[in-house]
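K.L.:
Numbering follows this note's numbering, with no gaps: position 47 of the sequence shown is 40. Dumping the structure here so I can ask a few things about it.
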Amino acid sequence: MHAAALQYVRKIAGTTKPSQANAAAFEAAVEEIAHTTQHLLDALVTTAPPKNREVEAEKRRARYEARA
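Written out as structure tokens, the structure is:
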């Protein structure tokens, strides 16, 4: 989560490394965004069953064969 928040703040700020004067604000923004994102992910619910990788791969193969 921290890496995604860092990437987002870098993109918005337009810099990969903040100046010393802005370092505290930069890191605070990263922490706040990571925290908020984690709250969002924790709050999301789904009623869909988990997908089986093997079944999904077989579906892709079947679609490929149908096109060929």
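Cβ coordinates follow ideal geometry from the N, Cα and C atoms, glycine included.
Please report the distance separating the alpha-carbon of Ala6 from that of Glu20.
P.N.:
C-alpha separation (whole angstroms): 12 Å.
K.L.:
Name the two residues that bound the continuous alpha helix (DSSP H) containing Gln0.
P.N.:
First-last of the alpha helix (DSSP H) with Gln0: His(-5) to Ala6.
K.L.:
Just verifying my parser: in three-state terms, what is the DSSP assignment at Lys44?
P.N.:
In the structure shown, Lys44 sits in coil (DSSP, three-state: anything other than H, G, I, E or B).
K.L.:
Go through its chain and collect everything with a Cβ distance to Ala18's Cβ below 6 Å, but skip five positions before and after it.
P.N.:
Same-chain partners within the cutoff: there are none.
K.L.:
Pull up the distance between the alpha-carbon of Leu34 and that of Ala22, whole angstroms please.
P.N.:
Approximately 18 Å between the Cα atoms of the pair.
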